[in-house]
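Student: These protein sequence lines are chains D and R, in that order. The opening residue of the first sequence carries number 65 in the working numbering; numbering runs sequentially from there. The opening residue of the second sequence carries number 3 in the working numbering; numbering runs sequentially from there. One structure, as structure tokens, below. Some questions next.
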Amino acid sequence: MSDDTTSHGAGFQCPLPVNRYPTVQLAHGGGGRLTQQLVEEMFLPAFRDRELDSRHDGAVLDIPRGRLAFTTDSYVVRPLFFPGGDIGTLAVYGSVNDLAMCGARPLYLSVGFILEEGLPMDTLRRVVQSMKAAAAEAGVRLVTGDTKVVDRGKGDGIFINTAGVGVVEHNLVIAPRSVRPGDWIVLSGDIGRHGIAVMAVREGLEFECRIESDCAPLSGLVLSMLERGIEVRCLRDLTRGGLASALVEIAEAAGLEIRIEEPAIPVREDVRGACEMLGFDPLYVANEGRFICFVPPAEAEKTVALMRSHPLGRDAAAIGSVTEGRAGLVSMKSRIGASRIVDMLSGEQLPRIC
Amino acid sequence: MKFVDEYRDPEAARGYAEALAKLVARPWTIMEICGGQTHAIVKFGVDALLPEQVTLVHGPGCPVCVTPVELIEKALNIAAIPNVIFCSFGDMLRVPAGSRDLFSVKSEGGDVRIVYSPMDALKIALENPGREVVFFAVGFETTAPANAMAAYQARRQGIANFSMLVSHVLVPPAMEVILSSPSNRVQGFLAAGHVCTVMGYSEYEAISRKYNVPVVVTGFEPLDILQGIHMVVLQLEEGRAEVENQYSRAVQREGNTAAQKLIREVFRVVPRKWRGVGEIANSGLGLVDEYSAFDAERKFGLEEHRVEESPDCISGLVLQGVKKPAECPAFAGACTPEHPLGATMVSNEGACAAYYRYRRFDSEGSAGIRSGANTDER
Numbered sequence: 065m066s067d068d069t070t071s072h073g074a075g076f077q078c079p080l081p082v083n084r085y086p087t088v089q090l091a092h093g094g095g096g097r098l099t100q101q102l103v104e105e106m107f108l109p110a111f112r113d114r115e116l117d118s119r120h121d122g123a124v125l126d127i128p129r130g131r132l133a134f135t136t137d138s139y140v141v142r143p144l145f146f147p148g149g150d151i152g153t154l155a156v157y158g159s160v161n162d163l164a165m166c167g168a169r170p171l172y173l174s175v176g177f178i179l180e181e182g183l184p185m186d187t188l189r190r191v192v193q194s195m196k197a198a199a200a201e202a203g204v205r206l207v208t209g210d211t212k213v214v215d216r217g218k219g220d221g222i223f224i225n226t227a228g229v230g231v232v233e234h235n236l237v238i239a240p241r242s243v244r245p246g247d248w249i250v251l252s253g254d255i256g257r258h259g260i261a262v263m264a265v266r267e268g269l270e271f272e273c274r275i276e277s278d279c280a281p282l283s284g285l286v287l288s289m290l291e292r293g294i295e296v297r298c299l300r301d302l303t304r305g306g307l308a309s310a311l312v313e314i315a316e317a318a319g320l321e322i323r324i325e326e327p328a329i330p331v332r333e334d335v336r337g338a339c340e341m342l343g344f345d346p347l348y349v350a351n352e353g354r355f356i357c358f359v360p361p362a363e364a365e366k367t368v369a370l371m372r373s374h375p376l377g378r379d380a381a382a383i384g385s386v387t388e389g390r391a392g393l394v395s396m397k398s399r400i401g402a403s404r405i406v407d408m409l410s411g412e413q414l415p416r417i418c
Numbered sequence: 003m004k005f006v007d008e009y010r011d012p013e014a015a016r017g018y019a020e021a022l023a024k025l026v027a028r029p030w031t032i033m034e035i036c037g038g039q040t041h042a043i044v045k046f047g048v049d050a051l052l053p054e055q056v057t058l059v060h061g062p063g064c065p066v067c068v069t070p071v072e073l074i075e076k077a078l079n080i081a082a083i084p085n086v087i088f089c090s091f092g093d094m095l096r097v098p099a100g101s102r103d104l105f106s107v108k109s110e111g112g113d114v115r116i117v118y119s120p121m122d123a124l125k126i127a128l129e130n131p132g133r134e135v136v137f138f139a140v141g142f143e144t145t146a147p148a149n150a151m152a153a154y155q156a157r158r159q160g161i162a163n164f165s166m167l168v169s170h171v172l173v174p175p176a177m178e179v180i181l182s183s184p185s186n187r188v189q190g191f192l193a194a195g196h197v198c199t200v201m202g203y204s205e206y207e208a209i210s211r212k213y214n215v216p217v218v219v220t221g222f223e224p225l226d227i228l229q230g231i232h233m234v235v236l237q238l239e240e241g242r243a244e245v246e247n248q249y250s251r252a253v254q255r256e257g258n259t260a261a262q263k264l265i266r267e268v269f270r271v272v273p274r275k276w277r278g279v280g281e282i283a284n285s286g287l288g289l290v291d292e293y294s295a296f297d298a299e300r301k302f303g304l305e306e307h308r309v310e311e312s313p314d315c316i317s318g319l320v321l322q323g324v325k326k327p328a329e330c331p332a333f334a335g336a337c338t339p340e341h342p343l344g345a346t347m348v349s350n351e352g353a354c355a356a357y358y359r360y361r362r363f364d365s366e367g368s369a370g371i372r373s374g375a376n377t378d379e380r
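Written out as structure tokens, the structure reads:
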């Protein structure tokens, strides 16, 4: 599959290279020749990094001046491929976005694959290729990794864990404890697309138009805000649990009340339609390329304008503000002008009967 | 969103609220029957726009809430059988019977699947001929035609590995129970628009006459509900008691006759237990004899289960509109969506869950919604 394919070791080569195995075998995770071939023929050519190429037990890395940000996340999405992305893109962007939410510049990622015996090699190849593309897009290096294979039936095709390291190049404390009464909340774009896109494929729902996941690396947009000197108080990417859960978490952690305006929250027409049909509230639907940003009132307008000048923040909007009020409460002024509580869900949203 | 946003217009909502405020002279208590309406009312804050004299109480129209514990137990038992694929609408999975629900059966290895239509369950049965596929057929008249269609097709196509655990309920008998109760305080009804798209509204004319109560067939968007309330209050203030149709864009007096025919082909009217209320005569649907081969209770030889409901839970009174959720001593304390004592705390459409999610600080006087513990002027 690549010009990098060379035989290593004691002049012995398995008679069946990776290319000849149409599916993943238990031995591909066994630490022997097959593992080596998988690494050499699948991962090294795709991720092409001098640290990875050194074939050491770990990566030894240069760290620029500043504080370190460090995060990890695991990815178990079903289906593996969905409109707008796949498990590979999610695994890269997920950790990149967690670093971005610390206000860090993402530098390095580790990748751990847990593969299910029998997984088609082509599926793995597609995922690896999209991880390669995603890493390039996010400007992050994949520098170390691991592969294990579990018995057929013990996994769901592919599980991926990534951990990420980034550098914090400013002195702001970006955290819920920095949030102050009066702060504005700016949302980076329309919500609910990822959850509906995945659900549509998983459940075989057909809508008139194709809804694509919003998954995207947010570090570029966040760093441009920091470089322009915006005094960011807190950042949070909206993943599982959606906008509502992120707001409740921050209101609780900050010990303050958050008030938002429903009409100010951008939700695309097709996503709203799908939610109406399923009895879902877009506030709770998952996203993979959206975040909220808490800024002092004087910075709100500038923040919205700056976000809107970036392709990933075109639909950015100020959606509400922070008050002393009742600690941990999120309230929302509804479309018809009345107020209600926005709470965290106990679990996943369930489709309603009628 | 086309055809929806028009019914959520804040200007028009304020217009209705002002018209209502001008119209109302005396205090009135109105019940919305349907859980979908309860959900919309609390989600959009419709009740916050109403004049003080109008009190809304929430009716028994949430199929998840009124499904009796016995049937939930039966569902849990069937779903735990190794060769069974148990299919259900999503929001039934979290309904507790004792300390268990369908999610816990699933976590113990049961094959429990969420479907969006009973026809999906039928398809699963066709694709898995070696396994028994059971569909949990719950709901009011609204879901009855689709569930009837699944049974009808199963019989026509001879799909012997398909069956239904039926817990269908009917609206009019429940209204009569509420109206004939000595503690009743409901003076007017918003009838459930979607039930009426199927059944029409001629059934309600007798009820309206017998109990001298206005009934307005109402839709589910905030403006539908405000207009429906306006129509009920107008009747009350003028001393009229009639059946009127606010939801004329979807409902006709005779309903959907083709759907009714299909329901009659597959189902017959039976007595049915309602969670928190008890048995109500002629208040449910069960499979007719010709379809008994598709009756899961019969197929799996299930005995009657007796399960005590929590003595702290007042969901029966909440479902009948006698009490509001916040009047329950367990509300938001011993009973929360994470640890529900009764089904009204489980479903999205359940009055207790709706209050918990959108309103629970109100009793402490924060967001300015009135508590409903008043109005006995009937």
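Glycine included, C-beta positions come from ideal geometry on N, C-alpha and C.
Quick one: is residue 331 (chain R) near chain D, going by C-beta distance under 8 Å?
Tutor: no
Student: 8 Å is my cut-off, CB to CB: does residue 50 (chain R) come that close to chain D?
Tutor: yes
Student: Strictly by DSSP, which residues pair up with residue 132 (chain D)?
Tutor: D:231
Student: Please tell me whether residue 400 (chain D) has its Cβ less than 8 Å away from any Cβ of chain R.
Tutor: yes
Student: Please name the residues in the region 110 to 133 of chain R whose beta-carbon is closer than 7 Å to at least one beta-carbon of chain D, in chain order.
Tutor: 116, 118
Student: Answer with yes or no whether the minimum CB distance from residue 44 (chain R) to chain D is below 8 Å.
Tutor: Put simply, the CB of residue 44 (chain R) is near chain D, with a gap under 8 Å to one of its CB atoms.
Student: Check the DSSP bridge columns for residue 168 (chain R) and list the partner residues they point to.
Tutor: R:139
Student: Pairs of beta-carbons, one from the region 177 to 193 of chain D and one from the region 114 to 123 of chain D, closer than 8 Å: are there three or more?
Tutor: No, the region 177 to 193 of chain D is not in contact with the region 114 to 123 of chain D.
Student: Mind checking the region 95 to 106 of chain R against chain D and listing, in chain order, the residues whose C-beta falls within less than 9 Å of any C-beta there?
Tutor: 95, 96, 105
Student: Cβ of residue 415 (chain D) less than 8 Å from any chain R Cβ?
Tutor: yes
Student: Where does residue 260 (chain D) sit, in a helix, a strand or coil, going by DSSP?
Tutor: helix
Student: Classify residue 325 (chain R): buried if its beta carbon has 16 or more other beta carbons within 10 angstroms, exposed otherwise.
Tutor: buried
Student: Let me know the secondary structure DSSP gives residue 424 (chain D) once reduced to three states.
Tutor: Only positions 65 to 418 of chain D appear in the structure, and residue 424 (chain D) is not among them; the question remains open.
Student: Within 8 Å (strictly less), CB to CB, does residue 316 (chain D) reach chain R?
Tutor: no
Student: Taking a contact to mean a Cβ-Cβ separation below 8 Å, would you say residue 275 (chain D) touches residue 260 (chain D) in this structure?
Tutor: Yes, Cβ-Cβ distance for residue 275 (chain D) and residue 260 (chain D) is below 8 Å.
Student: Could you check where the alpha helix (DSSP H) with residue 212 (chain R) kicks off and where it finishes?
Tutor: 204 to 213
Student: Tell me, please, whether the region 23 to 34 of chain R touches the region 131 to 150 of chain R by the rule of three or more beta-carbon pairs shorter than 8 Å.
Tutor: no
Student: Taking CB distances under 8 Å as the criterion, tell me whether residue 254 (chain D) reaches chain R.
Tutor: no
Student: For residue 14 (chain R), collect the residues of the same chain with a Cβ closer than 8 Å to its Cβ; drop the 5 residues on either side in sequence, then sort them by chain order.
Tutor: 225
Student: Quick one: which chain D residues come within Cβ less than 7 Å of residue 360 (chain R)?
Tutor: Here the neighbours are 404, 405.
Student: Helix, strand or coil: which one does DSSP assign to residue 269 (chain D)?
Tutor: It is coil, neither helix nor strand.
Student: Name the residue from R:132, R:18, R:176, R:321 whose alpha carbon lies nearest to the alpha carbon of residue 283 (chain R).
Tutor: R:176
Student: According to the Cβ coordinates, are residue 53 (chain R) and residue 104 (chain R) closer than 8 Å?
Tutor: no
Student: Since residue 192 (chain R) and residue 39 (chain R) should fall inside the 8 Å C-beta cutoff, what is the C-beta to C-beta distance between them, to a whole number of angstroms?
Tutor: 6 Å
Student: Run the CB neighbour count on residue 378 (chain R), radius 10 Å, all protein chains shown included, and call it buried at 16 or more, exposed below.
Tutor: Confidence at residue 378 (chain R) is low in this model, with a pLDDT of 32, below 50, so its placement is unreliable and the value that follows should be read with caution. Using a 10 angstroms sphere on the CB of residue 378 (chain R), the tally of other CB atoms stays under 16, which defines it as exposed.
Student: Are the beta-carbon atoms belonging to residue 50 (chain D) and residue 208 (chain D) less than 8 Å from one another?
Tutor: Coverage of chain D is limited to positions 65 through 418, which leaves residue 50 (chain D) absent and any answer about it impossible.
Student: Check whether the region 256 to 265 of chain R and the region 57 to 75 of chain R touch, using three or more Cβ-Cβ pairs below 8 Å as the test.
Tutor: no
Student: Buried or exposed, going by whether 16 or more other CB atoms sit within 10 Å of the CB of residue 362 (chain R)?
Tutor: buried
Student: Consider the Cβ of residue 12 (chain R): report whether some Cβ of chain D lies at a distance smaller than 8 Å.
Tutor: It does: the Cβ of residue 12 (chain R) has a partner Cβ on chain D nearer than 8 Å.
Student: Inspect the CB distances between the region 197 to 211 of chain R and the region 395 to 411 of chain D and report whether three or more fall short of 8 Å.
Tutor: no
Student: Are there 16 or more other CB atoms within 10 angstroms of the CB of residue 235 (chain D), so buried, or fewer, so exposed?
Tutor: exposed
Student: Could you tell me whether any Cβ in chain D is nearer than 8 Å to the Cβ of residue 15 (chain R)?
Tutor: yes
Student: Using a Cβ-Cβ cutoff of less than 7 Å, which residues in the same chain neighbour residue 336 (chain D) once the five nearest sequence positions on both sides are dropped?
Tutor: 346
Student: Kindly list, in the order they appear in chain R, the residues whose Cβ is closer than 8 Å to that of residue 313 (chain D).
Tutor: Within chain R, no residue comes near residue 313 (chain D); the closest Cβ sits about 16 Å away, beyond 8 Å.
Student: Residue 70 (chain D) by DSSP, collapsed to three states: which one?
Tutor: Because residue 70 (chain D) sits at a pLDDT of 39, beneath the cut-off of 50, its placement in the model cannot be relied upon, and the following sentence gives the value as read from the coordinates. DSSP places residue 70 (chain D) in coil when its eight states are reduced to three.
Student: Using the beta-carbon of each residue, which ones in chain D are nearer than 7 Å to residue 339 (chain R)?
Tutor: 410
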